[in-house]
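Working notes, structure below.
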Amino acid sequence: MIAVALAALALVAPPKPHIVWKPIPYGPARRAEMAAYAKKHYGIDSYVLHPRAIVEHVTATDSFSSVWNTFAANEPDFELHELPGDCAHFVIDRDGTIYQLVPLNVMCRHTVGLNDVAIGIEHVGIDDAQVLHDAAQMRSSLELTLWLMWRYKIPLANVIGHNESLTSPLHKELYAPWRCQTHGDWLHADMVVYRAKLLALANRYRVRVGPTFRPRPSGC
999 MIAVALAALA LVAPPKPHIV WKPIPYGPAR RAEMAAYAKK HYGIDSYVLH PRAIVEHVTA
1059 TDSFSSVWNT FAANEPDFEL HELPGDCAHF VIDRDGTIYQ LVPLNVMCRH TVGLNDVAIG
1119 IEHVGIDDAQ VLHDAAQMRS SLELTLWLMW RYKIPLANVI GHNESLTSPL HKELYAPWRC
1179 QTHGDWLHAD MVVYRAKLLA LANRYRVRVG PTFRPRPSGC
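Residue 1117 in this note's numbering is what sits at position 119 of the sequence shown, and the numbering runs on without skipping anything.
Structure below.
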């Protein structure tokens, strides 16, 4: 059934939203850092991304520029002092502008346990509720997510919130202290609302997206 649903994703193409290319520095050194990170955390000696999931985030800031500057700085994390620094493939501003920061064939460090398989989408805002109630931002978010689902044959089951990471069947983390690490943005209850809106948009464009997300026990 999953295979049939995935095949159906390619039948109808939703419109591609307007995307502004605003790249952060991601040259050979950062790519080597990403490959080393992937080797340690996933057992994969590569920075190349083959997208199988989409993770929604909230920046907890009020401006795109602050997010871009943070991701561009490539600062090590506070716990392991490990590079590369955080980044996401897309940032959606409050006015609905979609910025792409990184090519989609390159991993970004945005979700522990899923960076090897997931596209990261950040939403400028303070919390989930603010984003969910922002019409322009939500419209862009849903259109971008649906288009990415179609392009990479990603089912609705693999569109999750940052807080749902541990309950994804794709979650994998080799560094034991981080196996139960997650974050507070895009709680499950809010993602239920988000995925319902996403499914409604998919139905409007007659795009089949497969089954919805079903959390698995995380063991944490």
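A virtual CB, placed ideally from N, CA and C, is assigned to each residue, including glycine.
Here the structure is a predicted model, which is why all the values come from computation and not from measurement.
Measure from the alpha carbon of residue i to the alpha carbon of each residue in the options, then state which is nearest.
i	options	result
SER1216	GLY1025, LEU1168, TRP1019, SER1064	LEU1168
GLU1073	GLN1179, ARG1028, ARG1050, ASP1114	ARG1028
ILE1022	ASP1084, ASP1188, LEU1146, ARG1214	ASP1084
ASP1093	ASN1113, GLU1031, ARG1137	ARG1137
ARG1202	LEU1140, CYS1218, VAL1046	LEU1140
THR1068	VAL1089, HIS1048, ALA1051	VAL1089
THR1059	LEU1144, ALA1033, GLY1123	GLY1123
HIS1055	LYS1038, PHE1211, LYS1170, LEU1185	LEU1185
PRO1082	TYR1097, ALA1033, LEU1112	ALA1033
ASP1125	LEU1102, ILE1017, ALA1198, ASP1188	ASP1188
ASP1075	VAL1115, ALA1155, TRP1176	TRP1176
THR1210	PRO1015, VAL1129, ALA1155	ALA1155
Is residue i near residue j, with beta carbons less than 8 Å apart?
i	j	result
TYR1040	VAL1104	no
HIS1160	VAL1053	yes
SER1163	THR1180	yes
What does the Cβ neighbour count give for residue i, buried or exposed, with the cut at 16 atoms within 10 Å?
i	result
PRO1012	buried
LEU1078	exposed
CYS1106	buried
GLY1182	exposed
VAL1190	exposed
ALA1133	exposed
VAL1207	buried
PRO1153	buried
ASP1091	buried
SER1166	buried
Quick test of your reading: residue i and residue j, contact by CB under 8 Å. State the CB separation rounded to the nearest angstrom.
i	j	result
ILE1193	VAL1157	Per the sequence shown, residue 1193 should be read as Arg rather than Ile. Sure, about 6 Å apart at Cβ, within 8 Å.
GLY1118	ALA1071	Contact doesn't hold; Cβ gap of about 17 Å is too wide.
TRP1148	VAL1205	6 Å
PRO1049	TYR1173	Going by Cβ atoms, the distance from PRO1049 to TYR1173 rounds to 22 Å, so no, they are not a contact pair.
GLY1111	LYS1170	6 Å
For the alpha helix (DSSP H) that residue i lies in, which residues bound it at each end?
i	result
GLN1179	From DSSP, GLN1179 is part of no alpha helix (DSSP H); its letter is neither H nor E.
GLU1141	1133 to 1150
The beta strand (DSSP E) spanning residue i covers which residue range?
i	result
ALA1058	Here ALA1058 belongs to no beta strand (DSSP E), and DSSP marks it neither H nor E.
ALA1116	1116 to 1121
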